[in-house]
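Numbering (this note's numbering), first residue to last: 398 to 447. Have a look at the structure below, then the notes.
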């Protein structure tokens, strides 16, 4: 759960600075965060099904 909170914090920071950074950097950051959250969700689901 702490990892999810950290991801949301990073997403909030990046959302605040998205107007000041190039579009490619913000898209790459968004894809990286989404991938990390997806990996977290898969791991949690796998752990819960054991």
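Positions of the beta carbon are idealized from the N, C-alpha and C atoms, including for glycine. The model shown is predicted, which means the values in this text are computed figures rather than measured ones.
Beta-carbon proximity check, residue 404 vs residue 434, cutoff 8 Å: yes
Assuming residue 401 and residue 430 are in contact, meaning their beta carbons sit under 8 Å apart, how far apart are those beta carbons, in whole angstroms? Actually they do not touch by this definition, with Cβ atoms about 11 Å apart.
Since residue 426 and residue 411 are thought to touch, with beta carbons under 8 Å apart, how far apart are those beta carbons, to the nearest angstrom? 5 Å
DSSP on residue 447, reduced to helix/strand/coil? If DSSP states are grouped into helix, strand and coil, residue 447 belongs with coil.
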